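Enquirer: Just so we're aligned: 639 in full-length UniProt numbering is position 639 of the sequence shown, and the numbers increase by one with no gaps anywhere.
Idealized CB from N, CA, C, for every residue including glycine.
Fair warning: this is a prediction, and the values are worked out from it, not measured in the lab.
I have a structure here, written as structure tokens, and I will follow up with some questions on it.
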Amino acid sequence: LYLIFALGTSLIQLRLAGDKRKHNEGRVEVFYDGEWGTVCDDDFSIHSAQVVCRELGYLEAVSWSPSSKYGKGEGRIWFDNVQCTGKEKTLALCMSNGIGVSDCKHTEDVGVVCSDKRIPGFKFINTMSLNIQVEDVRIRAILSSYRKRTPVTEGYVEVKDGGKWKQICDAEWTKHNSRVICGMFGFPGERKNKKNNSLGMRKPSYWDYSVNCTGNEAHLSSCKLGHAVAAKANSTCEGGTPVVVSCVPGRAFSPTPMTGFRKAFRQEQPLVRLRGGAIVGEGRVEVLKNGEWGTICDDNWSLLSATVVCRELGFGSAKEALSGGRLGQGMGPVHMNEVKCSGFEKSVTECFFNKESLGCSHEEDAAVTCNVPAMGFQERLRLSGGRNPYEGRVEALVERNGSLVWGTVCSDGWGTMEAMVVCRQLGLGFASNAFQETWYWPGEVSADPVVMSGVRCSGTEMSLSHCLHHGAHLTCPKGGGRNAAGVSCSETAPDLVLNPQVVEQTTYMEDRPMFMLQCAYEENCLSTTSSKTPANSYRRLLRFSSQIHNNGQSDFRPKAGRHSWVWHDCHRHYHSMEVFTHYDLLSLNGTKVAEGHKASFCLEDTDCEEGIEKRYECANFGEQGITVGCWDTYRHDIDCQWIDITDIKPGDYIFQVFINPNYEVPESDYSNNLMKCRCRYDGHRIWMYSCHNGGSLSTETEESFPGLLNNQVTHR
């Protein structure tokens, strides 16, 4: 963004530049005497940032950053020891050493983050080539009958300036401009510019300026302002008509002949994916290399590179390039570092990057938030009666007898997956709870009748209406009203992942006498044939350790309250979850041949990453859970941390561990809750190898893994 003001008789411009992750942040740069330069961070404050942001047309400053956070600038350092009160109209009116007087280096270049809200009616001086500053942008369908269609893929490009919507003259419009506009509205591509000769009854009101984009900008505000166009009587533009764009939606948002819009979000490209995001088009960026999924280090991660990822996956340009593992930490290798894209690559894997990622950890995993098309799903669902906007009875808007009516959703079978879809559809993040009674949340009485029943979701749908559900004939014995479905949502969620290397490293076989297994026998941790085993005989146990990490954004807490925890004399502590992990041994065709019967678990922080304190401890009826950045270890030598293989014949098997198998506690990603290993047993020794988490390998590699296809994780 740029702005001009007068300093003496010379013109000064401001802009935000550097390694930006959003269009409203960056290194503060000043254009003076024909040269771009920077501002030193000495004495800079939030008051100075406030002046810069308001000068650029934003309502206020959010923060400022010293020490060249957005990269080192070049050229002169025009301002040093800047001291503003926050009320100045321009940075030039703040106290400083004077223009060009500085003893700073570019390692001290200052940056700012401005709010994304604009100053209504903000005007700038158009004397030089500036970035575009308008209040809002929209694509308005040409025919009124098309305006109710979602998403709007074709129409007039209109900008809101000075409180009024205006169209743009197409005399100098290019395909690069169309690409940027389409990207802003969630579309990865654009069709050839259309010439519109039928303006209908409405007289166009033209904006005063033309637009000059290179095509790789993430937002119109990053494009340059062209020269003023001659408007005659505010109704025609010389040699042209109003700009019309036609955008190409991504696969997940494209209509299909049989079913309308696709019912579930599917990744379009096999080389890149998003994980851990709460909404469609958001997540940690993971790339596939050598058959294994890994992450991208956030060094030099920018809006430009994030936009390549978004377009590759069938979305528009990037809203934000996130760093610091903001959307959870991945597992496995860090495949790319210091990524630098031109903006026109078809895949982020084509961008330049530093192949040496030494020093990068998953604490630096890069993520994105992409622009997605406005599908109108959010307007067809609401939460009613809750104490805050994040909770309440679920009410859906459906068509009945030619009219749209609000009603409730039957709670029979209502669970975490359905709640996840509701929270995503409303843009409220992840589900934290699914409720089958909502008498404590009185909604609109007129909306008490049930309008949806038999709802079954996989958890990936963009809308509740895309889940399986009954058609015109509803079935809900409990009825709606006080028994209707409800949810509570949260902006963050935990993400549990089992460490596969620990399983491989700790596996061994033990022959244990029955007289030492009395506790385990009482808790059904042995196979059924153990009841016939003499006390002086033994059971053969496949033992291993489980190290379960919380790589999400919030603590993992048991669903049950303390009042319902169960005391176990054998383990001498309270168990907060009766079903936390399944242990299974499968034949190569996926048939279960043995299973672990670990009755219940106590959840605590065994250890944590450096700088993170433990919060949960089982002893003394302490609070239970797993803190973000910590892990809970169940050692191989404790009761029930095994599978009873006494009755198993020698051969090759698949060993499987499934965390949170009943989805009792919502997580940001369930695909990594499953871990599988190859297992070979010769009757005397046992080997565990090729252990990996679900979703960590390529589809081709997973398909070659015996037993996987016949035993995938299913939500129902």
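Can you grab the Cα-Cα spacing for the pair C247 / L56, in whole Å?
Expert: Reading the sequence shown from its first residue, position 247 is the one you call residue 247. Reading the sequence shown from its first residue, position 56 is the one you call residue 56. Looking at the two C-alpha atoms, the distance is approximately 30 angstroms.
Enquirer: CB-CB under 8 angstroms to M375, same chain, minus the five flanking residues each way: which ones, in chain order?
Expert: Residue mapping note: residue 375 aligns to position 375 of the sequence shown, counting from 1. Excluding sequence neighbours, M375 sits near T150, P151, F253, F261, M462 and S463.
Enquirer: Go ahead and pull the three-state DSSP assignment for residue 747.
Expert: No information on residue 747 is available, as it lies outside the stretch 1 to 716 that the chain covers here.
Enquirer: Is the distance from the Cβ of G37 to the Cβ of S68 below 9 angstroms?
Expert: In the sequence shown, the residue the question calls residue 37 occupies position 37. In the sequence shown, the residue the question calls residue 68 occupies position 68. The answer is no: Cβ separation not under 9 angstroms.
Enquirer: At the level of alpha carbons, what is the spacing between K289 and I296?
Expert: Walking along the sequence shown from the start, residue 289 turns up at place 289. Walking along the sequence shown from the start, residue 296 turns up at place 296. Those two C-alpha atoms are separated by around 12 angstroms.
Enquirer: Closest by CA to G34, which one among G75, S48, V657 and S302?
Expert: Indexing the sequence shown from 1 puts residue 34 at position 34. Per the Cα distances, G75.
Enquirer: Do L304 and G343 have their beta-carbon atoms positioned less than 9 angstroms apart in this structure?
Expert: Indexing the sequence shown from 1 puts residue 343 at position 343. Indexing the sequence shown from 1 puts residue 304 at position 304. Against a cut-off of 9 angstroms, the Cβ pair of L304 and G343 comes out as a contact.
Enquirer: Assign T408 to one of two classes, buried (16 or more other C-beta atoms within 10 Å of its C-beta) or exposed (fewer than that).
Expert: By one-based count along the sequence shown, residue 408 stands at place 408. T408 is buried by the Cβ-count criterion.
Enquirer: What does a CB cutoff of less than 6 angstroms around G200 pick up in its chain, not counting 5 residues either side in sequence?
Expert: For this step, residue 200 is matched to residue 200 along the sequence shown. Low per-residue confidence applies at G200: pLDDT is 48, beneath 50, and the placement is therefore not dependable enough to give any value.
Enquirer: Looking only at C-alpha atoms, which of G629, A619 and C602 sits nearest to G611?
Expert: On the sequence shown, residue 611 is found 611 positions in, with the first residue counted as 1. Nearest option by C-alpha distance: G629.
Enquirer: Where do the ends of the alpha helix (DSSP H) carrying W529 lie?
Expert: The sequence position of residue 529 within the sequence shown is 529, counting from 1. The amino acid occupying residue 529 in the given sequence is Thr; Trp does not appear at that position. Here T529 belongs to no alpha helix (DSSP H), and DSSP marks it neither H nor E.
Enquirer: Between the C-alpha atoms of M688 and G695, what's the straight-line distance to the nearest angstrom?
Expert: Within the sequence shown, the letter at position 688 stands for residue 688. Within the sequence shown, the letter at position 695 stands for residue 695. Each residue's alpha carbon lies about 19 angstroms from the other.
Enquirer: Would you list, in sequence order, the uninterrupted beta strand (DSSP E) runs of no fewer than 3 residues that lie entirely inside the UniProt domain "SRCR" (272 to 371)?
Expert: Taking only runs of at least 3 residues, the beta strand (DSSP E) segments lying wholly in the UniProt domain "SRCR" (272 to 371) are 272 to 275, 282 to 289, 292 to 296, 318 to 322, 334 to 340, 352 to 354 and 367 to 370.
Enquirer: Check whether chain B comes within 9 angstroms of L697, counting only Cβ atoms and requiring the distance to be less than that.
Expert: In the displayed structure, chain B is absent; only one protein chain is listed.
Enquirer: Please tell me whether L383 and L322 are closer than 9 angstroms, where the distance is taken between their beta carbons.
Expert: As a working note, residue 383 is residue 383 in the sequence shown. As a working note, residue 322 is residue 322 in the sequence shown. Cβ atoms of L383 and L322: not closer than 9 angstroms.
Enquirer: Quick one, which of L541, S527 and P513 has its alpha-carbon nearest P534's?
Expert: As a working note, residue 534 is residue 534 in the sequence shown. When only C-alpha atoms are compared, the closest one is P513.
Enquirer: When the Cα atoms are used, what is the spatial distance from E364 to R273?
Expert: In the sequence shown, counting from the first residue as 1, residue 364 sits at position 364. In the sequence shown, counting from the first residue as 1, residue 273 sits at position 273. Computed Cα separation, rounded: 17 angstroms.
Enquirer: Compute the Euclidean distance between the alpha carbons of E268 and R251, then round it to the nearest angstrom.
Expert: Within the sequence shown, the letter at position 268 stands for residue 268. Within the sequence shown, the letter at position 251 stands for residue 251. Because the pLDDT of E268 is 45, which lies under 50, any placement of that residue in the model is unreliable, and the number read from its coordinates should be weighed accordingly. Rounded to whole angstroms, E268 to R251 spans 7 angstroms at the Cα level.
Enquirer: Tell me which residues share the same chain as T475 and place their Cβ nearer than 6 angstroms to its Cβ, disregarding the 5 neighbours each side in the sequence.
Expert: As a first step, residue 475 is located in the sequence shown; it is residue number 475 there, counting from the start. Answer for T475: S453, listed in chain order.
Enquirer: When you compare only the Cα positions, how much space is there between H582 and G324?
Expert: Taking the sequence shown and counting its residues from 1, one reaches residue 582 at position 582. Taking the sequence shown and counting its residues from 1, one reaches residue 324 at position 324. Distance between the alpha carbons of H582 and G324 is about 33 angstroms.
Enquirer: Return the chain-ordered ranges of every alpha helix (DSSP H) run that is complete within the UniProt domain "SRCR" (381 to 490) and spans a minimum of 4 residues.
Expert: Within the UniProt domain "SRCR" (381 to 490), the complete alpha helix (DSSP H) runs of at least 4 residues are 416 to 425.
Enquirer: Going by Cα to Cα distance, which pick from Y390, M417, G486 and R54 is closest to F435?
Expert: In the sequence shown, residue 435 corresponds to position 435, counting from 1. Closest option to F435, Cα to Cα, is G486.
Enquirer: For a quick check, are the C-beta atoms of G413 and V372 less than 9 angstroms apart?
Expert: In the sequence shown, residue 413 corresponds to position 413, counting from 1. In the sequence shown, residue 372 corresponds to position 372, counting from 1. It is not a contact, given that the beta carbons lie outside the stated cut-off.
Enquirer: Any chance you could list the beta strand (DSSP E) runs of at least 3 consecutive residues sitting entirely within the segment 36 to 65, in chain order?
Expert: Segments of the beta strand (DSSP E) lying fully in the segment 36 to 65: 61 to 65.
Enquirer: Along the beta strand (DSSP E) that carries R27, what are the first and last residues, could you check?
Expert: For this step, residue 27 is matched to residue 27 along the sequence shown. Where R27 is concerned, the enclosing beta strand (DSSP E) stretches over E25 to Y32.
Enquirer: Less than 9 angstroms separating the beta-carbons of I648 and L585?
Expert: To locate residue 648, count along the sequence shown from 1; it is residue 648. To locate residue 585, count along the sequence shown from 1; it is residue 585. In this structure, L585 lies closer than 9 angstroms to I648 by Cβ.
Enquirer: Can you list, in chain order, the residues of its chain with a C-beta nearer than 8 angstroms to that of S347? Leave out the 5 residues immediately preceding and following it.
Expert: The residue given as residue 347 occupies position 347 in the sequence shown. Taken in chain order, the residues that qualify are Q269, L271, V272, V308 and E312.
Enquirer: Within a Cβ cutoff of 8 angstroms, which residues of the same chain sit near E700, ignoring the five residues on either side of it in sequence?
Expert: Translated into the one-based positions of the sequence shown, residue 700 becomes position 700. Hits under 8 angstroms: G291.
Enquirer: Going by C-alpha to C-alpha distance, which of S527, H563, D632 and G561 sits closest to residue 719?
Expert: Coverage of the chain is limited to positions 1 through 716, which leaves residue 719 absent and any answer about it impossible.
Enquirer: Can you check DSSP and say which residues form a bridge with G240?
Expert: In the sequence shown, residue 240 corresponds to position 240, counting from 1. Looking at the DSSP assignment, G240 forms a beta bridge with C237.
Enquirer: Taking just the CA atoms, how far does I99 sit from F79?
Expert: Residue numbering aside, residue 79 sits at position 79 when the sequence shown is read from its first letter. Residue numbering aside, residue 99 sits at position 99 when the sequence shown is read from its first letter. Rounded to whole angstroms, F79 to I99 spans 6 angstroms at the Cα level.
Enquirer: State yes or no: is the C-beta of G328 within less than 9 angstroms of the C-beta of G281?
Expert: Looking up residue 328 in the sequence shown gives position 328. Looking up residue 281 in the sequence shown gives position 281. Not a contact, by the Cβ cut-off of 9 angstroms.
Enquirer: Assign V566 to buried or exposed, taking buried as 16 or more other Cβ atoms, counted over all protein chains shown, within 10 Å of its Cβ.
Expert: One-based indexing of the sequence shown puts residue 566 at position 566. Label assigned to V566: exposed.
Enquirer: Rounded to the nearest angstrom, what separates K355 and V339 at their Cα positions?
Expert: Looking up residue 355 in the sequence shown gives position 355. Looking up residue 339 in the sequence shown gives position 339. Those two C-alpha atoms are separated by around 10 angstroms.
Enquirer: At 3 residues or longer, what runs of the beta strand (DSSP E) sit wholly inside the segment 527 to 614?
Expert: Segments of the beta strand (DSSP E) lying fully in the segment 527 to 614: 538 to 543, 546 to 550, 566 to 568, 573 to 575, 581 to 586 and 592 to 595.
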